[in-house]
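Contents: one structure, followed by commentary.
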Amino acid sequence: MNDMNNFNSGRAEGLAAIINKAQQGDRTSMGQLAEVAEPRLLTYIFRLTLNQDLSEELCQKTLVKMVQSLKALKNIDRFWNWLLRHAMGEIQHYYRDQKRRHEVEAEVLNREYFKQYVARNHHDGLDQSTRIELSEIIYEAIAQLRFTYRSILVLRCYEQLSFAEIAQLMNCKEFGARVLFFRAKHALKQHLSKNGFGKEMLLTGLGLFGILTLSSKATTTVCSVNTASLNIGLTATLAGALHTKMGIAVITTISAILAGITYQHVVILIIVIAAILAGLFIVGLYFCLD
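Each residue of the sequence shown is one higher than the last, beginning at -16 in this note's numbering.
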């Protein structure tokens, strides 16, 4: 573990040195920085657009922006977040110019690569046919997500950003980022459920999507999603759950009860308030354990 930490630390220090030199106008260092950034950047953009040609185009535009504005980067430790913000800006600018909805027309999976990938033993407990089916379903499900949901899913699960960092990137409150993530996760679970997969397959499905969407220039073929990255906390879960069918049903029932209460029924009102809190807590707990 210490060796891995030292390795990651060494890579970070090496990147910082390259950025420093590039900011001072060293062209060789700028070229090295572009080479380091391109694979991760291309993978990030592809996971949002699911279009290879478009991803390469927007990646190049982002790298040009990086070269033009690198001197403005004051905190080198924030380089990746800074670069991802530029990439997201390019994606949003593209959709806005094209007057397109932030829904993607996903390319069909590369069948040859897909077949080679699923034929391997990934120690995920799935047989080949199940792995193929789950891969296609999760790919389709993420492609159908609205852009904000897909963005937060990619930032949290694959870029491994904190909710505070995501909030800065997406110009929202941290609590809002947590609620958005809950809704994205809930939408995926529903899609899996409709296609015969239990909600417990979400983590495996996200791992499959991560591997299938790696750039061909990536230096690794491994992509795992941390279980902890799916946790958002009880309060955000409650807020997100209010927009689900179960949450709406609870609110509707409670509203119907409240409609029959008069001002004189203070005791009943107290009981109803307690029931509201208990109902919301149960809904939140259900989704936390789900």
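A virtual CB, placed ideally from N, CA and C, is assigned to each residue, including glycine.
task: Please check if any C-beta of chain B sits within less than 8 Å of the C-beta of residue 19.
output: Chain labels in this structure do not include chain B; a single protein chain is all it has.
field: N-terminal and C-terminal residue of the alpha helix (DSSP H) that residue 190 is part of
entry: Sequence index remark: in the sequence shown, residue 190 carries index 207 (1-based). Where residue 190 is concerned, the enclosing alpha helix (DSSP H) stretches over 185 to 195.
query: Hey, quick one: how far does the alpha helix (DSSP H) through residue 62 stretch, first residue to last?
result: In the sequence shown, the residue the question calls residue 62 occupies position 79. First-last of the alpha helix (DSSP H) with residue 62: 62 to 80.
task: Just the C-alpha distance for residue 132 and residue 178, rounded to the nearest angstrom, thanks.
output: As a first step, residue 132 must be located in the sequence shown, where it is residue number 149. As a first step, residue 178 must be located in the sequence shown, where it is residue number 195. Rounded to whole angstroms, residue 132 to residue 178 spans 20 Å at the Cα level.
- request: Could you work out which residue in 125, 165, 17, 142 is closest to residue 221 when comparing CA atoms only?
  value: If you number the sequence shown from 1, residue 221 lands on position 238. Taking only the C-alpha atoms, the option nearest residue 221 is 165.
message: Using 8 Å as the threshold, is the C-beta distance between residue 33 and residue 137 below it?
response: Residue mapping note: residue 33 aligns to position 50 of the sequence shown, counting from 1. Residue mapping note: residue 137 aligns to position 154 of the sequence shown, counting from 1. The answer is no: Cβ separation not under 8 Å.
- prompt: residue 70 to residue 113, Cα distance in whole Å?
  reply: The sequence position of residue 70 within the sequence shown is 87, counting from 1. The sequence position of residue 113 within the sequence shown is 130, counting from 1. Between residue 70 and residue 113, the C-alpha separation is close to 34 Å.
message: Please tell me whether residue 198 and residue 62 are closer than 8 Å, where the distance is taken between their beta carbons.
response: On the sequence shown, residue 198 is found 215 positions in, with the first residue counted as 1. On the sequence shown, residue 62 is found 79 positions in, with the first residue counted as 1. The answer is no: Cβ separation not under 8 Å.
field: CA nearest to the CA of residue 68, picked from 42, 80, 207
entry: Taking the first residue of the sequence shown as position 1, residue 68 is located at position 85. Nearest of 42, 80, 207 to residue 68, Cα basis: 42.
message: Quick check: is any heavy atom of the ligand NAP less than 7 Å from the C-beta of residue 12?
response: With respect to the ligand NAP, the structure shown offers nothing to examine, as it has no ligands at all.
message: In chain order, what are the residue ranges of uninterrupted alpha helix (DSSP H) at least 4 long that sit wholly in the segment 8 to 36?
response: 10 to 32
- prompt: In terms of residue numbering, what span does the alpha helix (DSSP H) encompassing residue 165 cover?
  reply: The count along the sequence shown starts at 1 and reaches residue 165 at position 182. 157 to 177 is the extent of the alpha helix (DSSP H) around residue 165.
query: I think residue 192 touches residue 135, with their Cβ atoms under 8 Å apart; what is that distance to the nearest whole Å?
result: Against the sequence shown, residue 192 aligns to sequence position 209. Against the sequence shown, residue 135 aligns to sequence position 152. Not confirmed; about 15 Å, so no contact.
task: Look at the Cβ atom of residue 215, then the Cβ atom of residue 129, and state whether they are nearer than 8 Å.
output: Here the question's residue 215 lines up with position 232 in the sequence shown. Here the question's residue 129 lines up with position 146 in the sequence shown. Their beta carbons are not under 8 Å apart, which means residue 215 does not touch residue 129 by this criterion.
message: Please state whether the Cβ-Cβ distance between residue 148 and residue 64 is less than 8 Å.
response: Numbered from 1 along the sequence shown, position 165 holds the residue referred to as residue 148. Numbered from 1 along the sequence shown, position 81 holds the residue referred to as residue 64. In contact: residue 148 and residue 64 (Cβ atoms closer than 8 Å).
- request: Classify residue -12 as helix, strand or coil using the three-state DSSP reduction.
  value: By 1-based counting over the sequence shown, the position of residue -12 is 5. For residue -12, the pLDDT reaches just 42, beneath the cut-off of 50, and the residue's location in the model is therefore unreliable, although a value from the coordinates is still provided. Residue state, collapsed to three classes: helix.
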